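Protein chains in written order, with this note's numbering: chain A, 19 to 147; chain B, 46 to 640. All C-beta atoms in this analysis are idealised placements derived from N, C-alpha and C, irrespective of residue type, glycine included. Remember, predicted model here, so these are calculated numbers, not experimental data. In what follows, a structure is listed as structure tokens, so that the remarks can point back to it.
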């Protein structure tokens, strides 16, 4: 490794910062929760999960928290993905393949528009509480 | 390809010695076996502070907090949490909240804490300079080297109000300015990492968890005072901290953040390590410098102060690890950010090593002005086994015992001095009703007698005399006159000793006489130790009505002091009894009583 100049250091910091931000549980404006129960995984949730992470990575988005969860009980619509974006109603999308996963990022998270024909449910707040 | 998840494993000494390394290896192997090694990164971090429940594992970004994780648990974490996304409930800290994914924020241990010094501990991998850089590491140095003159840096330190965290609380900016004022020439910057108080491990954890912050701070200080050479004086008993520091120095040198013309500027600075052999007195500035020079670690009279005439006669600034860890962030966020934290006279935060009879022992950081009650009961989770709080000792053997009536005192340098203790470096030992105050004072004096360098008479002879009186009192042979003599000796020691060690050595005695006189009087007049710690004052007797004659006590007694026929009540011969207490422990019928 050659000695760094001031510019090198700044560039290095910028590139490394992204990875650190992804780790940070705070400062997340949106949450994407992928159902990864046996049913979800069998229906291809892993590909969806990977596609979402890759898309975020490509678009340099670090303020979105991607989490896995168990079965949401909507086994007929797996893979299911819950999306929580500030200022928007929380929705669950059903039958989310890799392509739709990417679309969730570009359309729902970035452009704040819901993908109407794939909304499968809204979380039943009365049951959760 | 970015990682999708991160498993952070605490790599502090406490967790590492509890199979932490094996845990990391097993986790990596499990990930490898499941083809996840490229998706999930295992990060060995510095101390997360919650040593009581170690080894700690934190999974990000979902922020799940697992405690007491064994290497055997690795497979389940990977299978359940990583692959299936279900938290491993039995390993969660708060099992009642398992449904809602307990993050670090919800744990009471962390709620009142505010992390400045420990900002990177438990977050970054201390062996990776890139992670430190990503967390704004070396950004303070950037600003200092390219936007500030040395006098600006010192002015910034003065405005910040940062005071030395090693114990006495001398303003850091002023210390720097003394050295900066000396004529140009060879100057040195020294980091005092000779943490020696019993029960204190704040500096070790900082060095282990965030070594680069110390290197950055020393470089900044070097620039401010005009030094081109730094030394870290560290105890040889801290092998892990040494390893990480050595690695950090190597990385920083490779990156050109240490060495000639740092970042292309015209400032050059190098750092070397010097190992101490674990003498308490070497934490004292002048003794520390003597030890670096290869001489016997003994203090010399001040003035001249090291800032004027220090290492090899050159102006030298000595700052403690915790003081230094504050500096990069002060430079980065500005003195006016820092001086809003804390109290009127004492700015910033303080790291404490909580130990003793407390539920959550561990490493904590709180803003100055937090009360002892908040630290012990809210963060520390209260006293073990629901016992009664008796006293807290801050400042190690140089500090005093703080009684319950001062639990609500907001902590800063002045308030602690007012109630007869000192801030010290940050060891905080909690005592409960089972601790005997004269016995604790005796323990600290034993430490002082062992560690006194013997150069000056007040410390060498005074310490020994104090210890003898305390032994006498604990043996039940003390007199009222002894108390007066102890007071006189204590005063002589604090006024006439050469260095801080002797000057403060009598603090445990003075403070305990002030607040716990009744316990001393009990030992002297009633020959009684209420905590049951002073063996010579104990009497073991057998209650005839409860004894069933099982002979268990007679068989366990090492000196055959217990006699009696089978199925008949036994008796203890008080003259033979050595008060080992084994009969008390072994009796199933509570027939043996201790008084």
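| query | result |
| --- | --- |
| Opening and closing residue of the alpha helix (DSSP H) in which residue 640(B) lies | Note, residue 640(B): premise wrong, no alpha helix (DSSP H); not H, not E. |
| CA nearest to the CA of residue 395(B), picked from 522(B), 280(B), 246(B) and 498(B) | 246(B) |
| Closer than 7 Å to chain B by CB, residue 138(A) | no |
| Residue of 230(B), 450(B), 289(B) and 239(B) minimising C-alpha distance to residue 274(B) | 230(B) |
| Bridge partners - residue 630(B), DSSP secondary structure assignment | Residue 630(B) pairs with nothing; no bridge assigned. |
| Pairwise C-alpha distance: residue 122(B) and residue 147(B) | Unreliable positioning characterises residue 147(B) in this predicted model, as indicated by a pLDDT of 45, which lies under 50. The coordinate reading is nonetheless provided below. So the alpha carbons of these two residues sit roughly 15 Å apart. |
| Between the CA atoms of residue 61(A) and residue 24(A) - distance to the nearest angstrom | 50 Å |
| Cβ pair count under 8 Å reaching 3, the region 201-209 of chain B against the region 316-331 of chain B | no |
| Alpha carbon of residue 138(A) to alpha carbon of residue 290(B), nearest angstrom | 54 Å |
| Alpha carbon of residue 130(B) to alpha carbon of residue 178(B), nearest angstrom | 31 Å |
| Residue closest to residue 277(B), alpha-carbon to alpha-carbon, out of 94(B), 337(B) and 638(B) | 337(B) |
| Minimum Cβ-Cβ distance from residue 651(B) to chain A less than 7 Å | There is no way to answer for residue 651(B), as the model of chain B reaches only from 46 to 640. |
| Cβ-based neighbour list, residue 141(B), same chain, cut-off 7 Å, excluding 5 preceding and 5 following | Only weak support is given to the placement of residue 141(B): the predicted model assigns it a pLDDT of 46, under 50, and the value that follows is read from those uncertain coordinates. So no residue of the chain qualifies. |
| 7 Å Cβ cutoff, residue 175(B) in contact with chain A | yes |
| Extent of the continuous beta strand (DSSP E) to which residue 80(B) belongs | Looking at the DSSP string, residue 80(B) is not in any beta strand (DSSP E), and its letter there is neither H nor E. |
| Where residue 191(B) meets chain A, residues with beta-carbon distance less than 9 Å | 24 |
| Chain B contact for residue 119(A) (CB, 7 Å cutoff) | no |
| CB contact below 7 Å: residue 54(A) versus chain B | yes |
| Residue(s) in a DSSP beta bridge with residue 412(B) | 394(B) |
| Residue-level contact to chain B via CB, residue 34(A), 7 Å cutoff | yes |
| Rounded C-alpha distance that separates residue 457(B) from residue 468(B) | 7 Å |
| Proximity of residue 561(B) and residue 482(B) at Cβ, strictly below 7 Å | yes |
| Extent of the continuous beta strand (DSSP E) run through residue 52(A) | 48-53 |
| For residue 283(B) and residue 243(B), the rounded distance between their alpha carbons | 14 Å |
| Span of the beta strand (DSSP E) around residue 83(A) | 82-87 |
| Residue-level contact to chain B via CB, residue 80(A), 7 Å cutoff | no |
| Start-to-end residues for the beta strand (DSSP E) that takes in residue 366(B) | Residue 366(B) -> not in any beta strand (DSSP E); alpha helix (DSSP H) instead, spanning 366-378. |
| Beta-carbon proximity list for residue 634(B), same chain, < 8 Å, skipping 5 on both sides | 591, 592, 593 and 595 |
| Member of 493(B), 186(B), 576(B) and 84(B) whose CA lies at the smallest distance from the CA of residue 313(B) | 186(B) |
| Inter-residue spacing [alpha-carbon to alpha-carbon] between residue 507(B) and residue 199(B) | 40 Å |
| Whether residue 548(B) touches residue 539(B) by CB criterion (7 Å) | yes |
| Residue 165(B) versus 38(A), 64(A) and 33(A), residue with shortest Cα-Cα distance | 38(A) |
| Chain B within 7 Å of residue 71(A), Cβ atoms only | yes |
| Interface flag, residue 178(B) vs chain A, CB-CB below 7 Å | yes |
| Test item: CB-CB of residue 625(B) and residue 637(B) under 7 Å | no |
| Proximity test, Cβ basis, 7 Å: residue 86(A) and chain B | yes |
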